[in-house]
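Report on the structure given below.
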Amino acid sequence: MTLFCQELAALVFTKEVLVLSTLTGKVGPPKRQLDVAKVQATTDAVIQEFLQTSASDVQAVIRRKCNNEQFNQKKGT
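Numbered per mature numbering (1 follows the signal peptide of the UniProt record, and there is no 0), the sequence shown spans residues -19 to -1, 1 to 58.
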């Protein structure tokens, strides 16, 4: 489920959007909130594919994907 969700997020959002955004738009230095409709569509798609998955599980993976992209940008990759 995690890999599916991360890859889906990478298809739905550009790397730049993932780097400059957070799931809620509320953490640390101000960042934009990810498009709520796209987050919901991604969540729905993952839950449809993996029935035992909760919305909070999907949100955690999307949050981690944003963090990973931000880290990779700082690292220069």
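Yeah, the Cβ is synthetic: ideal placement off N, Cα and C, and Gly gets one too.
Pull up the distance between the alpha-carbon of residue i and that of residue j, whole angstroms please.
i, j, result
"A36", "Q54", "27 Å"
"residue 75", "N48", "For the chain, the structure presents residues -19 to 58; residue 75 sits outside this window and is missing."
So for residue i, helix, strand or coil by DSSP?
i, result
"S37", "helix"
"F(-16)", "helix"
"T24", "helix"
"L(-9)", "helix"
"F52", "helix"
With a cut-off of 8 Å on the beta carbons, I'd call residue i and residue j a contact; round off their distance for me.
i, j, result
"T3", "K12", "5 Å"
"M(-19)", "V27", "6 Å"
Going by DSSP, name the residue or residues bridged to residue i.
i, result
"T3", "Q14"
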